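**Student:**
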Amino acid sequence: MSIDVHIARNVAKLVRIRVEDEDLADLVSEFNAILGFIEQLSEVDVTDVEPMVSVTPMDMTLRDDAVIDGGQQQNVLSNAPDVREGFYAVPKVVE
Amino acid sequence: MPFRRWWSRFVAHLNELTLSEARDALRKKQFTSLEITMACLEAIDAAADLNAFVHNTAELAVERARAADKRLSRNETPSMCGLPIGIKDLYCTQGVATQAASRILQGFKPEYESTVTKKLRDVGAVMLGKLNMDEFAMGSSNETSCYGNAINPWRRATDDSPLTPGGSSGGSASAVAADLCLAATGTDTGGSIRQPASLTGITGIKPTYGRCSRWGIIAFASSLDQAGPMTKSVRDAAIMLEAMSGYDPKDSTSANCSVPNFEAALTGHIRGKTIGIPREYKVEGLADDIESLWKQGQDMLKGAGAKIVDISLPHTRYALPVYYVIAPAEASSNLARYDGIRYGHRARLSAGDGIVDLYEKTRAEGFGPEVKRRIMIGTYVLSSGFYEAHYNHARKVRSLIQRDFTDVFAQGVDAILTPATPSAAFDLGELSNTDPVEMYLNDIFTVTVNLAGLPGISIPAGLNRQSLPLGLQLIGQPWEEGELLNIAYTLEKSIDYREKPTKWW
Chain A
1 MSIDVHIARN VAKLVRIRVE DEDLADLVSE FNAILGFIEQ LSEVDVTDVE PMVSVTPMDM
61 TLRDDAVIDG GQQQNVLSNA PDVREGFYAV PKVVE
Chain B
96 MPFRRWWSRF VAHLNELTLS EARDALRKKQ FTSLEITMAC LEAIDAAADL NAFVHNTAEL
156 AVERARAADK RLSRNETPSM CGLPIGIKDL YCTQGVATQA ASRILQGFKP EYESTVTKKL
216 RDVGAVMLGK LNMDEFAMGS SNETSCYGNA INPWRRATDD SPLTPGGSSG GSASAVAADL
276 CLAATGTDTG GSIRQPASLT GITGIKPTYG RCSRWGIIAF ASSLDQAGPM TKSVRDAAIM
336 LEAMSGYDPK DSTSANCSVP NFEAALTGHI RGKTIGIPRE YKVEGLADDI ESLWKQGQDM
396 LKGAGAKIVD ISLPHTRYAL PVYYVIAPAE ASSNLARYDG IRYGHRARLS AGDGIVDLYE
456 KTRAEGFGPE VKRRIMIGTY VLSSGFYEAH YNHARKVRSL IQRDFTDVFA QGVDAILTPA
516 TPSAAFDLGE LSNTDPVEMY LNDIFTVTVN LAGLPGISIP AGLNRQSLPL GLQLIGQPWE
576 EGELLNIAYT LEKSIDYREK PTKWW
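Structural data, given as structure tokens:
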């Protein structure tokens, strides 16, 4: 199991992290070292084994369908890098 | 002469006290919280070389110490009233810089407090500041931090090379070992409390998954992350773990069960308990001194009346590869939120750049190499075509790893004794420049515990030939932290470890 530059470039695109072309080769070799390490899992027989969902059996609980918080626009926006007129500001998304 | 001044002649360095010693003295009014807080703040100021504290909150600490003194003067004595502690940078602290040691959270000051730090605040603990760590808790040497390396207060007897305090809770470990605070919070996803505790000669416990709320702790791998205390003794671990524990409706994986009095569980009686020694942990190339401390630990527990039995955990060798599928998969999802829009760092854009350029540049600039690597691995193993072969397969092997433990516990084993780490503290730079897998091997003895959701504790066991501390790990049954702490307490008494690093900083 190994990947090439083409797959590495595609993964970088999926995760929205810019990787310059000259750095792709290093990324591929690190990736392949880790994938090689993971590879040994294929020798484990997992017939009839359920994939783990949670380490302790737990029932998901439902909250009451009620408003419990709100009216905190300033707090919500306080850490944003660019705020205009009470909104997050971003580059133009739709032409 | 006022009693307080008389007392201070005997305890010149209040910051060197344990939580339980300081708690008892504060209740007897032998000194004030402000005095012990000031002693810690002075120790922190003098320890810049360790790079353990990265955001100091001295003013806030003084304010909280004064408030604690007021409570104490009214004879209100919540469990940690007036005790100064450090907080790992992964915990959101209201109005105080919190950035998970990452550039991508540069300038982030949460508007809310994590449940665990709120609980600690409510029982009177005094926060001294935020502690260094690996970026997003991804690392075993504190070398991936945007603040630079935290340094281990311990040095080899033979040379002055700076050593790693371990990771990811490296700043917490360094600060506690160097007496900059009485105790600190850590988090543990694959060994991030127990490995640094072992490398710095302190105590660290990761409780059962679900014991502490994860709400407000910056997420790395949600099915593995747990908070826990890093302290100078097992008694302190019991006191602080109890304060940090408890059900929280804001964390859907927090367990709705009562928190026992952990300190009351420390009886020192373990007669009739069964301690398992897993043969798979006798890995090839394990250092002689680690092996002999492990053997010594077995003899001590036997001496205290426990029964020692050989056990087998056959899937142990697959724990690390399973971890390096599941943890990155969860991380890639958790870290998708850092997009430069709502908080933290945003890249400077060029003319014509659109929203995708904003994301890609922000994340390229904001994340360090190890974090990027794990996000990409995680996305790869989750991508269509590989999901079943990698991710689901790893989750199945994880079930088998948990079953190994369930089986030995069903056979009557009460706890399991293992080494905490495969080596003592290593040189900074020694592993970070090699294959990433070399660094991952640090967690070989700790990571199984996270995968199975069990409680695990590391306590100092002695020094190796180079005069560096080594730890032993005890693994307990789910929700049996009380019993686990009691076995650790019994072993701690037999080991009688009193070593401290020689101050060079």
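One line per chain: the protein sequences are A and B, in this order.
The numbering used here puts the first sequence at residues 1 to 95.
The numbering used here puts the second sequence at residues 96 to 600.
The beta-carbon is built from N, C-alpha and C at its ideal position, and this holds for glycine as well.
All figures in this text were calculated on a predicted structure; none of them were measured in a lab.
Can you pull out the residues from the region 140-167 of chain B whose beta carbon lies closer than 8 Å to at least one beta carbon of chain A?
**Tutor:** none
**Student:** Please specify which runs of the beta strand (DSSP E), each continuous and at least 3 residues long, are wholly inside the region 210-255 of chain B, giving them in chain order.
**Tutor:** 221-226
**Student:** Go ahead and label residue 287 of chain B buried or exposed: buried means 16 or more other beta carbons lie within 10 angstroms of its beta carbon, across all protein chains shown.
**Tutor:** Its Cβ being crowded by 16 or more others within 10 Å, residue 287 of chain B is buried.
**Student:** Would you mind telling me which residues of chain A sit closer than 8 Å to residue 456 of chain B, beta carbon to beta carbon, in chain order?
**Tutor:** 18
**Student:** Determine the DSSP secondary structure at residue 458 of chain B, reduced to helix, strand or coil.
**Tutor:** helix
**Student:** I'd like to confirm the pairing. Which residues does DSSP put opposite residue 325 of chain B in its beta bridges?
**Tutor:** B:279, B:299
**Student:** Using a Cβ-Cβ cutoff of 7 Å, what residues of the region 190-211 of chain B are near chain A? List them in chain order.
**Tutor:** 203, 204, 206
**Student:** DSSP on residue 108 of chain B, reduced to helix/strand/coil?
**Tutor:** coil
**Student:** Tell me the rounded alpha-carbon separation between residue 96 of chain B and residue 122 of chain B.
**Tutor:** With a pLDDT of only 48 at residue 96 of chain B, under 50, the local geometry of the prediction cannot be trusted, and the value read off the model is given with reservation. For residue 96 of chain B and residue 122 of chain B, the distance between alpha carbons rounds to 20 Å.
**Student:** Strictly under 9 Å for the Cβ-Cβ distance: is residue 497 of chain B near chain A by that measure?
**Tutor:** Interface flag for residue 497 of chain B against chain A is set, since a Cβ pair is found closer than 9 Å.
**Student:** Got a sec, what are the start and stop residues for the beta strand (DSSP E) residue 148 of chain B sits in?
**Tutor:** 148-151
**Student:** Which residue marks the beginning of the beta strand (DSSP E) containing residue 266 of chain B, and which one marks its end?
**Tutor:** Run containing residue 266 of chain B: none in the beta strand (DSSP E); it sits in the alpha helix (DSSP H), 265-272.
**Student:** When you compare the region 137-147 of chain B with the region 355-372 of chain B, are there three or more beta-carbon pairs, one atom per stretch, that lie closer than 8 Å?
**Tutor:** no
**Student:** Give me the chain B residues within the contact set of residue 41 of chain A, using Cβ-Cβ distance strictly less than 7 Å, ordered along the chain.
**Tutor:** Ordered by position in chain B, the residues that pass the 7 Å Cβ test against residue 41 of chain A are 413, 416, 417, 488, 489, 492.
**Student:** At 9 Å on the CB atoms, spell out the chain A contacts of residue 304 of chain B, in chain order.
**Tutor:** 54, 55, 56
**Student:** Which chain A residues sit within Cβ distance under 9 Å of residue 479 of chain B?
**Tutor:** Near residue 479 of chain B there are no residues of chain A at all, since even the closest Cβ is about 11 Å away, more than 9 Å.
**Student:** What number of angstroms, rounded off, separates the C-alpha of residue 322 of chain B from the C-alpha of residue 302 of chain B?
**Tutor:** 7 Å
**Student:** Beta strand (DSSP E) containing residue 397 of chain B: first to last residue?
**Tutor:** Residue range 383-398 is occupied by the alpha helix (DSSP H) that includes residue 397 of chain B, with no beta strand (DSSP E) assigned at that position.
**Student:** Hey, residue 424 of chain B and residue 473 of chain B are a contact pair by Cβ (cut 8 Å); roughly how many whole angstroms apart?
**Tutor:** 4 Å
**Student:** Given that residue 66 of chain A touches chain B, what residues does it touch there, using C-beta distances under 9 Å?
**Tutor:** In chain order: nothing, as chain B lies at least about 13 Å away.
**Student:** Quick check: residue 218 of chain B and residue 257 of chain B, are their CB atoms within less than 9 Å of each other?
**Tutor:** no
**Student:** In chain order, what residues of the same chain have a beta carbon less than 7 Å from the beta carbon of residue 240 of chain B, not counting five sequence neighbours either side?
**Tutor:** 196, 227, 228, 229, 230
**Student:** Here's the rule: buried if 16 or more other CB atoms are within 10 angstroms of the residue's CB, otherwise exposed. What is residue 56 of chain A?
**Tutor:** Exposed, since its Cβ has fewer than 16 Cβ neighbours within 10 Å.
**Student:** Interface residues of chain B around residue 14 of chain A at Cβ under 8 Å?
**Tutor:** 474, 478
**Student:** Give the interface partners of residue 82 of chain A over in chain B, defined as CB-CB distance under 8 Å, in chain order.
**Tutor:** 441
**Student:** Would you decide whether residue 540 of chain B is buried or exposed? Buried here means 16 or more other CB atoms lie within 10 Å of its CB.
**Tutor:** buried
**Student:** Nearest by alpha-carbon distance to residue 497 of chain B: which of B:164, B:598, B:410 is it?
**Tutor:** Taking each of B:164, B:598, B:410 in turn and checking the Cα distance to residue 497 of chain B, the smallest one comes out for B:410.
**Student:** Leaving out five residues on either side along the sequence, give the residues of the same chain with a beta carbon under 7 Å from the beta carbon of residue 314 of chain B.
**Tutor:** The residues are 320, 429.
**Student:** How would you list, in chain order, the residues of chain A whose beta-carbon sits under 9 Å from the beta-carbon of residue 468 of chain B?
**Tutor:** 27, 30, 31, 34
**Student:** Using a C-beta to C-beta distance shorter than 7 Å, which residues of chain B count as neighbours of residue 49 of chain A?
**Tutor:** 491, 494, 495
**Student:** Checking 9 Å against the spacing of the C-beta atoms, do residue 543 of chain B and residue 444 of chain B come in under that value?
**Tutor:** Cβ distance not < 9 Å, so residue 543 of chain B and residue 444 of chain B don't count as in contact.
**Student:** In the structure shown, what three-state DSSP assignment does residue 586 of chain B receive?
**Tutor:** helix
**Student:** Just verifying my parser: in three-state terms, what is the DSSP assignment at residue 85 of chain A?
**Tutor:** coil
**Student:** May I ask you to list the residues that DSSP assigns as paired with residue 402 of chain B?
**Tutor:** B:369
**Student:** For the alpha helix (DSSP H) that contains residue 115 of chain B, what are its first and last residues?
**Tutor:** 114-122
**Student:** Could one say the Cβ of residue 573 of chain B lies closer than 9 Å to chain A's Cβ atoms, at least one of them?
**Tutor:** yes
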